[in-house]
Amino acid sequence: MLIFSVFKTLTDQQVTVELKNDLSITGVLKSVDQFLNIRLDNIKVLDEARHPHMMAVKNCFIRGSVVRYVQLPPESVDTQLLEDATRRESAAQTKR
Amino acid sequence: MDESTPPPPPAELSPPPVPSTVPSGSPTDFLKGVVGKRVVVRLTSGVDYRGVLSCLDGYMNIALEQTEEHVNGVVTNRYGDAFIRGNNVLYISAAEAI
Amino acid sequence: MDTSSAIQEPFDLIRLSLSERVFVKLRGDRELSGILHAYDGHMNLILSDVEETILIVDQADGAGEGQPTVNMAKRKMDMLFVRGDGVILVSPPSR
Numbered sequence: 002m003l004i005f006s007v008f009k010t011l012t013d014q015q016v017t018v019e020l021k022n023d024l025s026i027t028g029v030l031k032s033v034d035q036f037l038n039i040r041l042d043n044i045k046v047l048d049e050a051r052h053p054h055m056m057a058v059k060n061c062f063i064r065g066s067v068v069r070y071v072q073l074p075p076e077s078v079d080t081q082l083l084e085d086a087t088r089r090e091s092a093a094q095t096k097r
Numbered sequence: 002m003d004e005s006t007p008p009p010p011p012a013e014l015s016p017p018p019v020p021s022t023v024p025s026g027s028p029t030d031f032l033k034g035v036v037g038k039r040v041v042v043r044l045t046s047g048v049d050y051r052g053v054l055s056c057l058d059g060y061m062n063i064a065l066e067q068t069e070e071h072v073n074g075v076v077t078n079r080y081g082d083a084f085i086r087g088n089n090v091l092y093i094s095a096a097e098a099i
Numbered sequence: 126m127d128t129s130s131a132i133q134e135p136f137d138l139i140r141l142s143l144s145e146r147v148f149v150k151l152r153g154d155r156e157l158s159g160i161l162h163a164y165d166g167h168m169n170l171i172l173s174d175v176e177e178t179i180l181i182v183d184q185a186d187g188a189g190e191g192q193p194t195v196n197m198a199k200r201k202m203d204m205l206f207v208r209g210d211g212v213i214l215v216s217p218p219s220r
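Structure representation (C-alpha cells):
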C-alpha cells in the first residue's frame, strides 16, 4: 500500500520503467493501481534499434509483474517521509 | 493389491533408530529448534548460505548472521547479516546438533 | 535494545537498515548497492544513489573447457524502485 501511495504521488512525472525482458520505457506516469500496474504516456523506448516494433507506440499499459525497476525523479521523492511511512507501516503490520 | 491384513509389527523389535540429537516432531518444531543454531539454507538456484539462523517467518523469509555464501562449494561472499526472501528457499538444514 | 537480539522477525533486519546503504542480490545475476528509503512486505524497495552490477557470464562452448569469462557491467541510478519478486537477498551494512 505504501509503495502504491508513492507511485500515486508521482503521477504526471517522467519515469523510466525497466522490464524483466530488458526493455526500458521512459514516459509520463499517467496512473498506477494496487498491483503496481502502470500506464505511461508519451513513451520512448531507450534502445529503439533493438525494439523497432515499439517506435510507433505512444502510450502503454505495463503489467506490474513484468517490471524489474522503475527509475524515479529524485527531486520528487521525500526520502525522510518515505522512511517514516515505512516504519509506521511495518509497526502496524507487526501489531497484527 | 494385497487382500491379507498386514502382519502386526513385531513387538519385540526395537523402534527405528533415531539419532538422539534429532527431536521427532513437525516441521514447525524443527524450525523452532534451529533458531539460534548454525544452518545451511539452500536456494532453488543451488546457492547455499551458511550462518546462524536469527529468525524466520511464515513465508520462510530468513534472517541469518555471520553468513557465508557458497557457490559450487566455494565461498563467494560473506555478510554480517542477511535477509533472504522466502520464495527462493529450497530447504533449511541444521548444521549442528539441535 | 540495539543488539541483534532485538530482531524478532526477518523484516526487523530490513527496518533497522532504513537510511543505510544496503547490498541487494537480485535474480538474473544482478546486484545493487543503494541507500534504503522504503520497503514493503513483498520486499519492494526504494533505494537512492544506486549502483547496479550485472554479471555477464560468457559460457565458453565446449564441455569442461576453460573457465567461463565473467564480465561486469555497472551503472548508476539516482532513485530506484525495485520490484520485490526479483529480490533474493538483502544485507545491511555490518554493525
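Chains as they are written, first to last, in this note's numbering: chain A, 2 to 97; chain B, 2 to 99; chain C, 126 to 220.
Quick reminder that beta carbons are idealized off the backbone N, C-alpha and C, glycines included.
Would you say residue i lies against chain B (beta-carbon separation less than 7 Å)?
{"i": "I181 of chain C", "result": "no"}
{"i": "E156 of chain C", "result": "no"}
Check whether chain C comes within 7 Å of residue i, counting only Cβ atoms and requiring the distance to be less than that.
{"i": "R79 of chain B", "result": "no"}
{"i": "F84 of chain B", "result": "yes"}
{"i": "V78 of chain A", "result": "yes"}
{"i": "D58 of chain B", "result": "yes"}
{"i": "S94 of chain B", "result": "no"}
{"i": "S55 of chain B", "result": "yes"}
{"i": "N62 of chain B", "result": "yes"}
{"i": "I99 of chain A", "result": "Residue coverage of chain A in this structure runs from 2 to 97, which leaves residue 99 of chain A outside it and unanswerable."}
{"i": "T27 of chain A", "result": "no"}
Can you pull the chain A neighbours of residue i, defined as C-beta to C-beta under 7 Å?
{"i": "G211 of chain C", "result": "R69"}
{"i": "G159 of chain C", "result": "Residues of chain A passing the Cβ test: none, with the nearest at roughly 11 Å."}
{"i": "F136 of chain C", "result": "S91"}
Do residue i and residue j have their C-beta atoms closer together than 7 Å?
{"i": "S173 of chain C", "j": "I160 of chain C", "result": "yes"}
{"i": "V35 of chain B", "j": "I99 of chain B", "result": "yes"}
{"i": "D82 of chain B", "j": "P217 of chain C", "result": "yes"}
{"i": "V175 of chain C", "j": "M197 of chain C", "result": "no"}
{"i": "T178 of chain C", "j": "K150 of chain C", "result": "no"}
{"i": "L83 of chain A", "j": "H167 of chain C", "result": "no"}
{"i": "L110 of chain A", "j": "S77 of chain A", "result": "In the structure as shown, chain A starts at 2 and stops at 97, and residue 110 of chain A therefore has no counterpart that could be examined."}
{"i": "V40 of chain B", "j": "I93 of chain B", "result": "yes"}
{"i": "I132 of chain C", "j": "S55 of chain B", "result": "yes"}
{"i": "Y50 of chain B", "j": "L32 of chain B", "result": "no"}
{"i": "L30 of chain A", "j": "Q14 of chain A", "result": "yes"}
{"i": "V76 of chain B", "j": "E69 of chain B", "result": "yes"}
{"i": "V215 of chain C", "j": "V147 of chain C", "result": "yes"}
{"i": "L108 of chain C", "j": "Y164 of chain C", "result": "Residue 108 of chain C is absent from the structure shown; chain C starts at 126 and stops at 220."}
Residue i touches chain C at which residues, Cβ-Cβ below 9 Å?
{"i": "R88 of chain A", "result": "R140, L143"}
{"i": "Q15 of chain A", "result": "Here the premise fails: no neighbours, minimum Cβ distance about 12 Å."}
{"i": "V7 of chain A", "result": "A163, I171, F206"}
Looking only at its own chain, which residues have a Cβ that is under 6 Å from the Cβ of residue i, when we skip the five neighbours before and after it?
{"i": "Q67 of chain B", "result": "G52, V53"}
{"i": "G87 of chain B", "result": "Y60, M61, N62"}
{"i": "G65 of chain A", "result": "F36, L37, N38"}
{"i": "L47 of chain A", "result": "S25"}
{"i": "F8 of chain A", "result": "V33"}
{"i": "V71 of chain A", "result": "V16, V18"}
Taking C-beta pairs closer than 7 Å, name the residues in chain C that residue i reaches, listed in chain order.
{"i": "N89 of chain B", "result": "I213"}
{"i": "I75 of chain A", "result": "Here the sequence assigns Pro to residue 75 of chain A, which means Ile is not the residue at that position. The answer, in chain order, is S173, D203, M204."}
{"i": "Q94 of chain A", "result": "G166"}
In chain A, what lies closer than 8 Å to residue i by C-beta?
{"i": "N196 of chain C", "result": "Going along chain A, no residue has its Cβ under 8 Å from N196 of chain C, so there is no contact; the nearest lies around 16 Å."}
By the criterion of Cβ-Cβ separation under 9 Å, what are the contact partners of residue i in chain B?
{"i": "P217 of chain C", "result": "Y80, G81, D82, A83, F84"}
Looking only at its own chain, which residues have a Cβ that is under 8 Å from the Cβ of residue i, when we skip the five neighbours before and after it?
{"i": "S46 of chain B", "result": "N89"}
{"i": "L20 of chain A", "result": "I26, I63, V67, V68, R69"}
{"i": "C61 of chain A", "result": "I26, G28, R40, L41, I44"}
{"i": "F5 of chain A", "result": "V33, D34, Q35, L37"}
So residue i contacts chain C; which residues on that side make the cut at Cβ distance below 8 Å?
{"i": "E84 of chain A", "result": "L143, S144, H162, A163"}
{"i": "L44 of chain B", "result": "I213"}
Which residues of chain A have a Cβ atom closer than 9 Å to the Cβ of residue i, listed in chain order?
{"i": "V207 of chain C", "result": "R69, Y70, V71"}
Using C-beta distances below 7 Å, list every residue in its chain close to residue i, excluding the 5 sequence neighbours before and after it, in chain order.
{"i": "L91 of chain B", "result": "R43, L44, T45"}
{"i": "R152 of chain C", "result": "G211, I213"}
Residues of chain B with CB under 8 Å from residue i, in chain order?
{"i": "Q133 of chain C", "result": "C56"}
Pick out the complete beta strand (DSSP E) segments inside the stretch 132 to 213 of chain C, 3 residues or longer, and give them in chain order.
-> 146 to 151, 155 to 164, 170 to 183, 194 to 207
Curious, which full-length beta strand (DSSP E) runs of at least 3 residues does the stretch 7 to 49 of chain A contain?
-> 15 to 20, 25 to 33, 39 to 46
Would you mind listing the alpha helix (DSSP H) stretches within the stretch 38 to 71 of chain B that are 4+ residues and don't spill past its ends, in chain order?
-> none
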